[in-house]
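Peer 1: Sharing a structure with you now.
Number of protein chains: 2
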Amino acid sequence: MTGGAPVKIALLGCGVVGSQVVRLLDEQAADLAARVGAPLQLVGVAVRRPARHPEVPAHLLTDDPAALVARDDVDLVVEVIGGIEPARTLLLAALESGKSVVSANKALLADDSATLHEAASRAGVDLYYEAAVAGAIPLLRPLRESLAGDRINRVMGIVNGTTNFILSRMDATGAGFDDALAEATALGYAEADPTADVDGYDAAAKAAILAGLAFHTRVTMSDVHREGIGDVTAADLASARAMGCTVKLLAICERIVGADGVERVAVRAHPAMIPRAHPLATVGDAYNAVFVEAAAAGSLMFYGRGAGGAPTASAVLGDIVAVARNRVSGSRGAGESAYAHLPVQSIGEVDTRYHVALDVNDEPGVLAGAAQAFAEQGVSIQTVRQEGRGDAATLVLVTHAAPDAALDATVQKLAQMPFVRRAASVMRVEGMAGD
Amino acid sequence: MTGGAPVKIALLGCGVVGSQVVRLLDEQAADLAARVGAPLQLVGVAVRRPARHPEVPAHLLTDDPAALVARDDVDLVVEVIGGIEPARTLLLAALESGKSVVSANKALLADDSATLHEAASRAGVDLYYEAAVAGAIPLLRPLRESLAGDRINRVMGIVNGTTNFILSRMDATGAGFDDALAEATALGYAEADPTADVDGYDAAAKAAILAGLAFHTRVTMSDVHREGIGDVTAADLASARAMGCTVKLLAICERIVGADGVERVAVRAHPAMIPRAHPLATVGDAYNAVFVEAAAAGSLMFYGRGAGGAPTASAVLGDIVAVARNRVSGSRGAGESAYAHLPVQSIGEVDTRYHVALDVNDEPGVLAGAAQAFAEQGVSIQTVRQEGRGDAATLVLVTHAAPDAALDATVQKLAQMPFVRRAASVMRVEGMAGD
């Protein structure tokens with residue numbers, strides 16, 4: 031079964047992930063050939079500076095990715111460059127010339143997967159991207175295939191290791207955001223420019239990809255409500271701790287049936303408090319974990335390394351084997367499934383819970399005044415407690431689920447009340463019983 | 031995309047799982063058709079007593095499964111009867127006549143999947159069986175496809191809900207095995223004849239299937255070392271608790287490189303103590319969870335409902351969609367991958383740790399005598415402690431990993447020593463740091 035014509039692979043990019051792909055293709059060549067039914071042959075590696083890649087045989091290196099993609103003898107293009115351009119142009123060229131594509135590029139796939147899927151469909155080739163979300167964790171294939179006979183209602187998870195490391199450190203040490211970020215940078219958990227991670231762009235892109243697969247609907251980055259962790263304070267963590275919670279940056283994809291009977295999808299990525307007893311609360315450092323709730327299957331959890339060269343390369347290799355098998359057998363995997371065309375719910379209409387901690391003057395009528403602000407917006411309060419006295423009095427409220435816009439309006443109103451000195455901590459709460 | 035000719039399905043069996051398959055095929059017909067690209071049409075349901083199935087349209091029911099399988103208009107046979115015969119004969123007939131097969135039958139697939147795979151391969155059709163292991167949890171597809179580019183070294187998990195319920199109750203209440211089994215039976219967690227679960231046959235069958243996929247090697251039930259939980263006592267649970275552990279029935283599949291340099295697989299299902307801090311320790315009641323360790327991906331965990339009608343039906347439906355898509359597109363999924371032909375390691379040569387609690391006479395030289403028995407077999411002791419004095423003295427030892435046969439011989443020797451009144455608890459220990 032390994033004597034078939036080789037499947038010829040072009041690799042675009044050879045950084046942390048790409049270099050591991052090169053290594054594994056070489057080290058596991060015999061196993062991979064047996065699994066595919068034909069050898070996998072790396073025929074070219076496009077990098078910016080060929081001289082800096084002694085780990086790749088020199089004759090494979092090129093600094094011209096477009097020429098590599100255009101080669102007639104390439105069957106399969108593997109893209110681990112990241113970013114939208116030139117990746118999009120290169121992959122479209124690959125697909126249009128009948129080459130299958132394996133990509134780890136979440137930004138590109140969240141920006142506009144439709145164009146890529148349509149190009150793949152027209153050419154009758156494969157477009158796989160398991161490595162784009164949650165690194166080594168098999169997640170996209172289970173959503174796309176294993177749960178293809180079920181109705182997925184919710185996907186919620188920790189999909190960004192950098193922010194999870196920072197929040198874990200803030201939780202463990204009481205450090206503020208800046209100190210925890212500095213530690214993450216020093217240890218290599220955060221990039222020199224941490225914007226994509228810290229501001230939630232990375233998590234939002236992954237949420238868009240997950241929602242698209244879960245709900246059979248095209249979802250792009252612009253459909254995702256995104257909030258980063260840059261404003262999370264040591265006070266937020268302390269407040270979370272006081273109520274038995276911790277803070278995590280969550281990607282949440284929900285199927286919502288509105289009061290009008292219309293089914294919509296809501297997709298968001300933001301920091302939230304979750305109970306310490308929740309399985310996601312114990313996911314530490316650079317690990318990722320994702321919960322999936324489906325009508326028949328119930329709750330499922332997937333857990334593993336969400337980033338890193340070798341784990342991400344494992345996911346890339348899995349896709350390479352699948353795509354190569356398809357080419358050997360003359361078939362094609364499942365293409366895009368976006369038949370449902372569900373509209374996107376804006377964040378204001380999504381039901382969430384809020385935790386609100388207010389520094390208040392310790393005077394009669396404070397609780398009544400605060401309660402009135404919630405009541406005016408139709409938000410019901412689950413718990414309230416006052417901590418401290420005098421100048422150090424804090425009123426801590428946790429609401430029941432209510433439309434996000436109503437909660438936001440309530441908080442705005444509270445902040446203007448004369449007895450409120452400061453809103454010390456305002457954050458959504460997820461994963462509580464009764465959600 | 032839904033206007034293609036229907037994919038026609040014959041269902042064999044309509045019990046707890048089958049009735050949910052019927053329901054979901056009906057309720058989700060539009061979604062399933064959109065995902066497959068053609069409608070799924072249930073054309074027959076074979077049951078023992080048609081009169082007892084008012085939930086199925088009468089014209090679909092038959093008590094002749096062989097005739098149903100033989101019908102020319104059937105594309106896909108779904109088997110949820112369980113047991114080896116008549117399932118094997120029916121499925122072979124289906125495959126030989128060019129029908130694809132979806133099965134949830136772990137006993138059959140662990141007994142001899144090779145014959146079925148070979149029949150599927152000859153006919154160029156699909157044989158899928160995600161529901162055979164860990165119910166709704168996507169596990170076989172990730173092993174077979176997502177990790178196809180990686181090297182899996184270990185699979186370890188809780189794959190039997192009945193025994194997990196019983197052991198969870200024994201842990202929580204201090205009850206003995208018989209009382210916990212009675213409770214499980216009363217609550218419907220255990221079948222009237224609980225032998226397959228309690229004696230570990232179910233877990234062993236699942237271990238065989240997992241090992242086959244993980245190691246690309248044919249593994250059958252007879253290759254699996256199996257021990258049930260019938261001999262687990264309240265004293266074992268108490269002893270586990272005293273060392274910060276609990277007891278779980280584990281399925282363990284390992285790739286082992288022997289002293290001779292030969293790579294082998296070791297597959298076992300037995301009760302074991304695991305630390306309470308281990309993620310598997312908190313998997314309660316009827317849930318399943320499986321750890322997978324792969325060279326590049328690192329540790330992955332999959333968690334969800336391991337049994338029950340709807341969860342298992344979700345896995346069956348996922349396979350139906352995959353197989354139906356393949357038929358619509360004229361392709362075929364990945365077949366059996368058993369190229370590695372790794373030999374099976376006997377349990378005696380597998381390295382494990384033991385926990386041994388001995389009721390001893392409280393006299394000088396006891397520890398020296400016990401230590402000598404371990405030393406003679408080359409087994410090194412990690413911890414030892416003595417509890418109580420006089421008639422209630424207990425010596426508790428935990429070993430480092432050593433060949434199972436050496437540990438077994440040590441325990442035999444200890445039991446015969448004059449100062450040992452009784453071996454109160456002997457059990458393997460898994461998941462400790464340093465394993």
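The listed protein sequences derive, respectively, from chains A and B.
For any residue, its number in my numbering is found by taking its place in the first sequence, counting from 1, and adding 30.
For any residue, its number in my numbering is found by taking its place in the second sequence, counting from 1, and adding 30.
For every residue, glycine included, the Cβ atom is placed at its ideal position computed from N, Cα and C.
(1) Mind listing the chain A neighbours of E160 (chain B)? Cutoff is C-beta to C-beta under 7 Å, in chain order.
(2) Apart from the five residues just before and just after V8 (chain B), which ones in its own chain have a Cβ nearer than 8 Å to its Cβ?
(3) Are the C-beta atoms of M331 (chain B) and some chain A residue less than 8 Å apart?
(4) Is the distance from the Cβ of A153 (chain B) to the Cβ of E126 (chain B) below 8 Å?
(5) Check whether the Cβ atoms of V295 (chain A) and F245 (chain A) lie closer than 8 Å to each other.
(6) Quick check on R357 (chain A) - is its C-beta less than 8 Å from some C-beta in chain B?
(7) Run through chain A and tell me which residues come within less than 7 Å of V287 (chain B), C-beta to C-beta.
(8) Considering only residues of the same chain and omitting the five flanking positions on each side of R248 (chain A), which have a CB-CB separation below 7 Å?
(9) Rounded C-beta distance between L211 (chain A) and I188 (chain A)? I'm assuming under 8 Å.
(10) Given a threshold of 16 other Cβ atoms within 10 Å of its Cβ, counted over all protein chains shown, does G67 (chain A) qualify as buried or as exposed?
(11) Taking the alpha-carbon positions, what's the P168 (chain A) to R335 (chain A) distance?
(12) Could you check where the alpha helix (DSSP H) with D141 (chain A) kicks off and where it finishes?
(13) For E293 (chain B), write down the residues that DSSP places opposite it in a beta bridge.
(14) Determine the extent of the alpha helix (DSSP H) in which I188 (chain A) is found, giving its start and end residues.
(15) Spatial neighbours of L427 (chain A) within its chain, please: C-beta separation below 6 Å, excluding the five flanking residues on both sides.
(16) Strictly below 9 Å CB to CB, what residues from chain A border D261 (chain B)?
(17) Alpha carbons only, please: which of A:Y384, A:F449, A:S359 is nearest the one belonging to A398 (chain A)?
(18) Hey, quick one: how far does the alpha helix (DSSP H) through T247 (chain B) stretch, first residue to last?
(19) Of all the CB atoms in chain A, is at least one closer than 8 Å to the CB of Q58 (chain B)?
(20) For V353 (chain B), collect the residues of the same chain with a Cβ closer than 7 Å to its Cβ; drop the 5 residues on either side in sequence, then sort them by chain order.
(21) Does the beta-carbon of I39 (chain B) have 16 or more other beta-carbons within 10 angstroms, so that it is buried, or is it exposed?
(22) Indicate whether at least one CB of chain A lies closer than 8 Å to the CB of G258 (chain B).
(23) For T193 (chain B), collect the residues of the same chain with a Cβ closer than 6 Å to its Cβ; drop the 5 residues on either side in sequence, then sort them by chain order.
(24) Could you work out which residues of chain B lie near A202 (chain A), taking near to mean beta carbons separated by less than 9 Å?
(25) Kindly list the residues whose CB is nearer than 8 Å to the CB of V441 (chain B), restricted to its own chain and excluding five residues on each side of it in sequence; keep chain order.
(26) Ignore the nearest five residues each way along the sequence and tell me which others in A343 (chain B)'s own chain have a CB closer than 6 Å to its CB.
(27) Could you tell me which chain B residues have their CB closer than 8 Å to the CB of V351 (chain A), listed as they occur along the chain?
(28) Can you tell me which of B:A289, B:N356, B:L330 puts its alpha carbon nearest to the alpha carbon of D381 (chain B)?
(29) Please check if any C-beta of chain B sits within less than 8 Å of the C-beta of L280 (chain A).
(30) Rounded C-beta distance between A403 (chain B) and M447 (chain B)? I'm assuming under 8 Å.
(31) Kindly list, in the order they appear in chain B, the residues whose Cβ is closer than 8 Å to that of G334 (chain A).
(32) Helix, strand or coil, according to DSSP, for R383 (chain A) in the structure here?
(33) For F449 (chain B), which three-state DSSP category applies?
(34) Assign Q50 (chain A) to one of three DSSP states: helix, strand, or coil.
(35) State buried or exposed for H89 (chain A), treating a residue as buried only when at least 16 other CB atoms are found within 10 Å of its CB.
(36) Using 8 Å as the limit for Cβ to Cβ distance, is S361 (chain A) near chain C?
Peer 2: Quick look at the numbers:
(1) S176
(2) Chain B is shown from 31 up to 465; residue 8 (chain B) falls before or after that span and cannot be answered.
(3) yes
(4) yes
(5) yes
(6) no
(7) Chain A residues near V287 (chain B): none, gap ~15 Å exceeds 7 Å.
(8) A144, G242, A368
(9) 17 Å between Cβ atoms; not a contact.
(10) buried
(11) 10 Å
(12) 136 to 153
(13) B:V287
(14) No alpha helix (DSSP H) contains I188 (chain A), which is instead part of the beta strand (DSSP E) from 182 to 188.
(15) V386, I411, V414
(16) Chain A residues near D261 (chain B): none, gap ~32 Å exceeds 9 Å.
(17) A:F449
(18) Segment: none, T247 (chain B) is in no alpha helix (DSSP H) and carries neither H nor E.
(19) yes
(20) L106, S130, V132, D156, Y158
(21) buried
(22) no
(23) D227, I259, L279
(24) By Cβ distance, chain B contributes nothing, its closest Cβ being about 16 Å from A202 (chain A), past 9 Å.
(25) Y384, V386, A453, V456
(26) V47, Q50, V51, L54
(27) E175, A178, G179
(28) B:A289
(29) no
(30) 7 Å
(31) A327, G328, S329, L330, M331
(32) strand
(33) coil
(34) helix
(35) exposed
(36) No chain C is present in this structure, whose protein chains are A and B.
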